[in-house]
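Report on the structure given below.
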Amino acid sequence: MSTQPAPTTAREVVRPVAPKLIDLSEKVLFGDVWERPGLSKRDRSLITVAALTAMYRTDQLQGHLERALANGVTREEIGEVITHLAFYAGWPNAMTAGTIARRVFDAKKP
1 MSTQPAPTTA REVVRPVAPK LIDLSEKVLF GDVWERPGLS KRDRSLITVA
51 ALTAMYRTDQ LQGHLERALA NGVTREEIGE VITHLAFYAG WPNAMTAGTI
101 ARRVFDAKKP
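Counting in our numbering, the sequence shown runs from 1 upward without gaps.
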């Protein structure tokens, strides 16, 4: 009897439950919205990290922090976004985002 590895991304976890949601995410969100010419992927990543931090969407933040780094956002810029949001989105949200960012940074030592 073989066992399949456990799903690791939100899309893999949700696909069996809501396949259309994942299809729309892949085609519309990542296939269209993220590809539009009005903003760079770097800027979209920075905006997404800020929005997830402000809304306390910690389940999505790690993946988007990783994407932000891959899209050229610096660790210093992420730190500035988190600091700035402490005063607009709440200290606990910023502290939690900082903790998640630290884990991401530690996993990707330069």
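For glycine and all other residues, C-beta sits at the position ideal for the given N, C-alpha and C. Please read all numbers here as calculations on a predicted model, not as lab measurements.
Candidates A89, T74 and P92: closest to K109 by CA position: Indexing the sequence shown from 1 puts residue 109 at position 109. Nearest C-alpha to K109: T74.
Rounded C-alpha distance that separates L61 from V81: Taking the sequence shown and counting its residues from 1, the one referred to as residue 61 is at position 61. Taking the sequence shown and counting its residues from 1, the one referred to as residue 81 is at position 81. For the pair L61 and V81, the Cα-to-Cα distance works out to about 13 Å.
Coarse secondary structure for V17, derived from DSSP in three states: What you label residue 17 is simply residue 17 of the sequence shown in a count that begins at 1. Correct three-state label for V17: coil.
Outcome for R36 when other beta-carbon atoms lying within 10 angstroms are tallied against a minimum of 16: In the sequence shown, residue 36 corresponds to position 36, counting from 1. Answer is exposed; the Cβ neighbour count stays below 16.
Cβ neighbour criterion (16 or more within 10 Å) applied to T53: Position 53 of the sequence shown holds residue 53. By the 10 Å Cβ count, T53 comes out buried.
Buried or exposed (CB count within 10 angstroms, at least 16 for buried), L29: As a first step, residue 29 is located in the sequence shown; it is residue number 29 there, counting from the start. It is exposed - the Cβ of L29 has fewer than 16 other Cβ atoms within 10 Å.
Supposed close pair A101, I78 - CB separation, criterion 8 Å: Taking the sequence shown and counting its residues from 1, one reaches residue 101 at position 101. Taking the sequence shown and counting its residues from 1, one reaches residue 78 at position 78. Between A101 and I78 a beta carbon distance of about 6 Å is seen, short of the 8 Å cut, so the two are scored as contacting.
Residue closest to E26, alpha-carbon to alpha-carbon, out of A89, L85 and E12: The residue given as residue 26 occupies position 26 in the sequence shown. The candidate whose alpha carbon is nearest that of E26 is E12.
Among A70, G31 and V17, nearest to D43 - alpha-carbon criterion: Taking the sequence shown and counting its residues from 1, one reaches residue 43 at position 43. Of the candidates A70, G31 and V17, the residue whose Cα lies closest to the Cα of D43 is A70.
Other residues of its chain near R15: CB distance less than 6 Å, five sequence neighbours each side excluded: The residue given as residue 15 occupies position 15 in the sequence shown. These residues qualify, in order along the chain: I22.
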